[in-house]
Amino acid sequence: MKQYQIAIVVGSIRKESYNKRLANALTKLAPSNFNFKFLEIDNLPLYNQDLDGKQPDSVNNFKNEINNSNAVIFVTPEYNRSIPGVLKNAVDQGSRPYGQNAWANKPAGVLGISVGVIGTSLAQQHLRNILAYLDAPTLGQPEVFLQYNEDFFDKDGNIGEKSKKFIQGWMDKYAHWVQKHCG
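Be aware that the sequence shown starts at 1, since it is given in our numbering, and climbs by one per residue.
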């Protein structure tokens with residue numbers, strides 16, 4: 001059975017991030033031939049075009065991890081009706097310099113969780129627009145706009161029973177999406 005390496009980019013660097021918890025729980029729903037690597041984004045400097053000729057080691061390592069992955073999952077909160085700055089910086093670092101876009105042709109999945117009733121819908125919309133420009137084919141359906149509540153995760157950090165079937169459906173569809181694009 002072919003193995004797939006999936007990069008996970010969590011758009012929150014908060015220690016107790018709901019989105020980190022979601023990303024961890026999501027990996028438990030994946031097929032056994034999916035392996036996950038959580039990419040660090042909190043150590044990336046702010047993107048500066050002046051450094052395109054000599055990118056810092058943290059940026060080179062980040063881009064190598066993307067390049068060594070078959071696909072990517074973005075799990076993001078919503079800040080001020082968009083994606084967090086730290087996530088935008090990571091996306092920019094992975095796409096630059098011009099002509100060296102590590103995101104190109106990487107099948108992507110986008111989801112997120114928030115305490116708000118619309119989940120992370122606007123952040124996801126903005127991220128999908130960016131990924132379209134970066135030529136990362138992004139799973140369109142089902143969309144996953146999750147509202148956090150105390151029952152969302154069980155005591156072991158898994159997706160709670162009320163949401164598990166829906167999230168499992170997303171993971172099944174994402175796995176098919178990756179296999180379709182990666183062979």
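Ideal Cβ placement from N, Cα and C applies to all residues, glycine included.
Query	Result
Measure from the alpha carbon of Val72 to the alpha carbon of each residue in Leu46, Gly109, Leu22, Gln179, then state which is nearest.	Gly109
Can you tell me whether Tyr133 is buried or exposed, with buried defined as 16 or more other CB within 10 angstroms of its CB?	exposed
Express the C-alpha separation of Val75 and Gly85 in angstroms, rounding to a whole number.	14 angstroms
For Ile167, list the residues DSSP reports as bridge partners.	Paired residues: none, contrary to the question.
Hey, out of Asn158, Asn35, Leu111, whose CA is closest to Thr138's CA?	Leu111
Note down the Cα distance separating Val178 from Phe34, rounded to an integer number of angstroms.	10 angstroms
Does the stretch 94-108 come close enough to the stretch 48-55 to have 3 or more Cβ pairs within less than 8 angstroms?	yes
Per the DSSP calculation, Ile83 is bridged to which residue(s)?	In the DSSP output, where bridge partners are listed per residue, Ile83 has none listed.
Please report the residue range of the beta strand (DSSP E) in which Leu111 lies.	108-114
Determine the direct distance from the alpha carbon of Ala123 to that of Arg21, and round the result to whole angstroms.	18 angstroms
Along the chain, where does the alpha helix (DSSP H) that runs through Phe34 open and close?	Where Phe34 is concerned, there is no enclosing alpha helix (DSSP H), although the beta strand (DSSP E) it sits in stretches over 34-38.
Which value, in whole angstroms, describes the spacing of the CA atoms of Ile113 and Gly183?	30 angstroms
Is DSSP giving Ile6 helix, strand or coil here?	strand
Where do the N-terminal and C-terminal ends of the beta strand (DSSP E) with Val189 fall, by residue?	Any answer about residue 189 is impossible in this case: the structure gives the chain only from 1 up to 183.
Return the CA-CA distance between Pro77 and Asn19, expressed in angstroms with no decimal places.	7 angstroms
Cα separation between Thr120 and Asn61?	28 angstroms
For Leu146, write down the residues that DSSP places opposite it in a beta bridge.	Ile113
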